[in-house]
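> For the sequence shown, our numbering begins at 4 and goes up steadily by one.
Idealized CB from N, CA, C, for every residue including glycine.
Here the structure is a predicted model, which means the values were calculated and not measured.
After the structure tokens below, expect a handful of questions from me.
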Amino acid sequence: MNIPELHLPTENNDFIKNPYIKMAELRENTPVFWDEINDLFFFTRYKDVRSIQSTKSFGTTFNHIDGFEETIQNQNLPITSTAYKKSDQFGTYEHFWKSEEFSLLNLEGQLHKELRGLVAKAFLPRSVQQLVPFMEEKSTELFNNVKEAEFDMLKDYAQPYSVSIIGKLLGVPESDHLEFLDWSHKIVKMYDFEVSDENANQAEEAAKQFIEYTQDLLDKRRVDPQDDMITRLSQVSEDNNFLSDDQIICTVILLLNAGHEATVNTLGNGLHALLTLNKSFEEIKNEAENINDIVEELIRYDSPLQFFQRYALEDIEIGGHSISRGSKVAILLGSANRDPRVFEHPDQINFKREMKDHSSWGGGIHFCIGTHLARLELGVSFNHILEKEFKLIEEPTRTGAFGIRGFKNLLVSV
């Protein structure tokens, strides 16, 4: 069956504002399509997205497979940063690619298994659970610090709340949190479809500073260990094999960028969704059985991460279409989360929804390693938010990015 050729209009402001209308049309009429401009096969339906997430027939890289480089070259497909990273090919953005080299998101095979196993040892549930009192305290403190009746929920609450928690977990002094925040904002702009030279240069400089800072902090922890993630990452081992400095630095950068940005955008997207329900927060609390149901439904409804790219590691049939070994595919998480074949009335928020298995946490070997932490901090935050009654001052503006979906600001009044 021939795959239709279409273009996902990620440069269109109306699409960025509400991509779900277009994605519903694609999901029903052309659930699998080829986008020549973005050089990707797109998958829109839940079944296909979850299959790609869970199977080992797709991966974020092919470095672990012998002969795969030749496959890519023979097919005249571009060798991208997510697939092919050797030190002499980092090019202009050396430090950015260095910060990505051992990211769990970009590893496959035995190296991914070994690194994730060691990181998981440092990311124990009990260590994360111990942060709950700090989450409660920080959330209360930030709301108490708001002196004006009108404020920006993102700048004044969500951003400092999220970076404080991940900073506390990692062991980053609070005085450095704002710098971390700035580095994170600049680096994640590299993950969308269109990246300007200005944004790429800023990401490169941010990565350079981030690497230098983390190396310095790691050196200090080896001399003076603390009860924090960086210390634990420096100490974990398997058969006397320890993480290298580069692996630890990449892991720290990943945990900050993934943890912070996703949490902030979930809080922003989620609160905006709640404020459009025409229900009081008291009604919402009474409607949901527990705060976890609210968190999961808000993530499903407006996911902070809209797509993920993979490589086909073998010839495979997905969604009734044959995908050749070496092809690049993109899975549309936001579209999968609103597939009516799986979610009844998917464009409506339903806190009593029985089907809760959305695609936003990932799947397979790349299931989000920070899920437990994210659920806890979002649960604490939305519990505090629902104790108040906020009003939207004006309709917020989207950041302009499709992949990482969020707002520039979220002005509310109490």
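1. Given that a residue counts as buried once 16 or more other Cβ atoms are within 10 Å of its Cβ, and exposed if not, what is S178?
2. Are there three or more Cβ pairs, one per stretch, closer than 8 Å when the stretch 235 to 244 is compared with the stretch 118 to 134?
3. Run the CB neighbour count on L280, radius 10 Å, all protein chains shown included, and call it buried at 16 or more, exposed below.
4. What are the boundary residues of the beta strand (DSSP E) that I319 is part of?
5. Apart from the five residues just before and just after G406, which ones in its own chain have a Cβ nearer than 6 Å to its Cβ?
6. Pull up the DSSP beta-bridge partners for R408, would you.
7. Cα-Cα, which of F18, I326 and P349 is closest to I302?
8. Should I368 and H115 be called a contact, given that it needs their Cβ atoms to be closer than 8 Å?
9. Please confirm whether L381 and V298 have their CB atoms less than 8 Å apart.
10. Do E264 and R356 have their C-beta atoms closer together than 8 Å?
11. Taking 8 Å as the cut-off, decide whether the C-beta atoms of T197 and E14 are in contact.
12. Go to S178, then tell me how far its beta strand (DSSP E) extends in each direction, as first and last residue.
13. Skipping 5 residues on each side, what residues in its chain have a beta carbon closer than 8 Å to that of S130?
14. On the premise that T143 lies in contact with H387, defined as a C-beta separation below 8 Å, what is that separation, rounded to the nearest angstrom?
15. L278 to N289, Cα distance in whole Å?
16. Pull up the distance between the alpha-carbon of S338 and that of E347, whole angstroms please.
17. Confirm, please, whether the CB-CB distance from V175 to F183 is below 8 Å.
18. For the candidate residues G120, Q229 and S384, whose alpha-carbon lies nearest to that of D242?
19. Mapping the DSSP letters down to three states, classify S106 as helix, strand or coil.
20. Quick check: the Cα distance between I326 and E201, rounded to an integer number of angstroms?
21. Only counting the same chain, and skipping five residues up and downstream in sequence, which positions put a Cβ closer than 8 Å to that of C371?
22. Can you say whether K20 is buried or exposed, counting buried as having 16 or more other CB atoms within 10 angstroms of its CB?
23. With 16 other CB atoms within 10 Å as the buried threshold, where does R225 fall?
24. Kindly indicate the opening and closing residues of the alpha helix (DSSP H) around R313.
25. In this structure, how does DSSP classify P12 when only helix, strand and coil are distinguished?
26. Below 8 Å on the Cβ atoms is my guess for M156 versus G271; work out the distance and round it to an integer in Å.
27. Would you identify the three-state DSSP class for L389, choosing helix, strand or coil?
28. Shortest alpha-carbon distance to Q56 belongs to which of I334, K411 and Q229?
29. Any chance you could list the beta strand (DSSP E) runs of at least 3 consecutive residues sitting entirely within the stretch 38 to 70, in chain order?
30. Could you tell me which residues DSSP pairs with R129 in its beta bridges?
31. If you follow the beta strand (DSSP E) that D342 is in, where does it begin and where does it stop?
32. By DSSP's criteria, F154 is part of a beta bridge. Which residues make up the other side?
33. Can you give the Cα-Cα distance for W100 and F146, rounded to whole angstroms?
34. Report the three-state DSSP secondary structure of F370 (helix, strand or coil).
35. To the nearest angstrom, how far is the alpha carbon of A404 from that of V35?
36. Assign I6 to one of three DSSP states: helix, strand, or coil.
Let me spell this out:
1. As a working mapping, residue 178 is identified with position 175 in the sequence shown. Under the 10 Å beta carbon count, S178 is surrounded by fewer than 16 other beta carbons and is classified as exposed.
2. Between the stretch 235 to 244 and the stretch 118 to 134 there are three or more inter-stretch CB-CB distances shorter than 8 Å, so the stretches are counted as touching.
3. Mapped onto the sequence shown, residue 280 falls at position 277. With fewer than 16 Cβ atoms within 10 Å of its Cβ, L280 is classed as exposed.
4. The count along the sequence shown starts at 1 and reaches residue 319 at position 316. Looking at the DSSP string, the run of the beta strand (DSSP E) that includes I319 is I319 to I321.
5. In the sequence shown, residue 406 corresponds to position 403, counting from 1. Taking C-beta separations shorter than 6 Å and ignoring five residues to either side along the sequence, the partners of G406 in its chain run Y194, D195, Q309 and F310, following chain order.
6. By 1-based counting over the sequence shown, the position of residue 408 is 405. According to DSSP, R408 bridges with nothing at all.
7. Within the sequence shown, the letter at position 299 stands for residue 302. Minimum Cα distance to I302 is reached at P349.
8. Indexing the sequence shown from 1 puts residue 368 at position 365. Indexing the sequence shown from 1 puts residue 115 at position 112. Their beta carbons are under 8 Å apart, which means I368 touches H115 by this criterion.
9. Start at 1 with the first residue of the sequence shown, and residue 381 comes out as number 378. Start at 1 with the first residue of the sequence shown, and residue 298 comes out as number 295. Yes, the Cβ-Cβ distance between L381 and V298 is below 8 Å.
10. One-based indexing of the sequence shown puts residue 264 at position 261. One-based indexing of the sequence shown puts residue 356 at position 353. No.
11. Residue numbering aside, residue 197 sits at position 194 when the sequence shown is read from its first letter. Residue numbering aside, residue 14 sits at position 11 when the sequence shown is read from its first letter. Rather than Thr, the amino acid found at residue 197 in this sequence is Glu. Result yes, Cβ atoms of E197 and E14 sit closer than 8 Å.
12. For the purposes of this step, residue 178 is taken as residue 175 along the sequence shown, with counting starting at 1. Where S178 is concerned, there is no enclosing beta strand (DSSP E), given that its DSSP letter is neither H nor E.
13. Counted from its first residue, the sequence shown places residue 130 at position 127. Only L172, M232 and R235 meet the Cβ criterion.
14. By one-based count along the sequence shown, residue 387 stands at place 384. By one-based count along the sequence shown, residue 143 stands at place 140. About 7 Å separates the two Cβ atoms, so the contact holds.
15. As a working mapping, residue 278 is identified with position 275 in the sequence shown. As a working mapping, residue 289 is identified with position 286 in the sequence shown. L278 and N289 have their alpha carbons spaced roughly 16 Å apart.
16. What you label residue 338 is simply residue 335 of the sequence shown in a count that begins at 1. What you label residue 347 is simply residue 344 of the sequence shown in a count that begins at 1. Cα-Cα distance, rounded: 14 Å.
17. On the sequence shown, position 180 is the one that residue 183 refers to. On the sequence shown, position 172 is the one that residue 175 refers to. Against a cut-off of 8 Å, the Cβ pair of V175 and F183 comes out as a contact.
18. For the purposes of this step, residue 242 is identified with residue 239 of the sequence shown, where counting begins at 1. When each option's Cα is compared against that of D242, the closest is G120.
19. One-based indexing of the sequence shown puts residue 106 at position 103. Coil.
20. Translated into the one-based positions of the sequence shown, residue 326 becomes position 323. Translated into the one-based positions of the sequence shown, residue 201 becomes position 198. When rounded, the distance between both Cα atoms is 35 Å.
21. For the purposes of this step, residue 371 is taken as residue 368 along the sequence shown, with counting starting at 1. The beta carbon of C371 sits closer than 8 Å to the beta carbons of A261, W364, G365 and A377 from its chain, once the five residues preceding and following it are set aside; these are given in chain order.
22. The residue labelled residue 20 in the question sits at position 17 within the sequence shown. For K20, the number of other beta carbons within 10 angstroms of its own is below 16, and it is reported as exposed.
23. The residue given as residue 225 occupies position 222 in the sequence shown. With fewer than 16 other beta carbons inside 10 angstroms of its own, R225 counts as exposed.
24. Residue mapping note: residue 313 aligns to position 310 of the sequence shown, counting from 1. That residue, R313, is in no alpha helix (DSSP H); its beta strand (DSSP E) goes F310 to A315.
25. On the sequence shown, residue 12 is found 9 positions in, with the first residue counted as 1. In this structure, P12 counts as coil in the three-state DSSP scheme.
26. Along the sequence shown, read from residue 1 onward, the residue named residue 156 stands at position 153. Along the sequence shown, read from residue 1 onward, the residue named residue 271 stands at position 268. With a beta-carbon spacing of about 7 Å, M156 and G271 fall inside the 8 Å limit used to define contacts.
27. On the sequence shown, residue 389 is found 386 positions in, with the first residue counted as 1. In the structure shown, L389 falls within a coil segment according to DSSP collapsed to helix, strand and coil.
28. Working through the sequence shown from its first residue, we reach residue 56 at position 53. Nearest option by C-alpha distance: I334.
29. Secondary structure remark: continuous beta strand (DSSP E) runs of at least 3 residues inside the stretch 38 to 70, in chain order: 43 to 46.
30. Here residue 129 refers to the residue found at position 126 when the sequence shown is read from its first residue. According to DSSP, R129 bridges with nothing at all.
31. By one-based count along the sequence shown, residue 342 stands at place 339. Boundaries cannot be given for D342, as no beta strand (DSSP E) includes it and DSSP labels it neither H nor E.
32. The residue labelled residue 154 in the question sits at position 151 within the sequence shown. Beta-bridge pairing by DSSP links F154 to V415.
33. What you label residue 100 is simply residue 97 of the sequence shown in a count that begins at 1. What you label residue 146 is simply residue 143 of the sequence shown in a count that begins at 1. The straight-line gap from Cα to Cα measures roughly 38 Å.
34. Reading the sequence shown from its first residue, position 367 is the one you call residue 370. Of the three classes helix, strand and coil, the one that applies to F370 here is coil, per DSSP.
35. Taking the sequence shown and counting its residues from 1, one reaches residue 404 at position 401. Taking the sequence shown and counting its residues from 1, one reaches residue 35 at position 32. Put simply, the backbone Cα of A404 is about 22 Å away from that of V35.
36. The count along the sequence shown starts at 1 and reaches residue 6 at position 3. The answer is coil: DSSP assigns I6 none of H, G, I, E or B.
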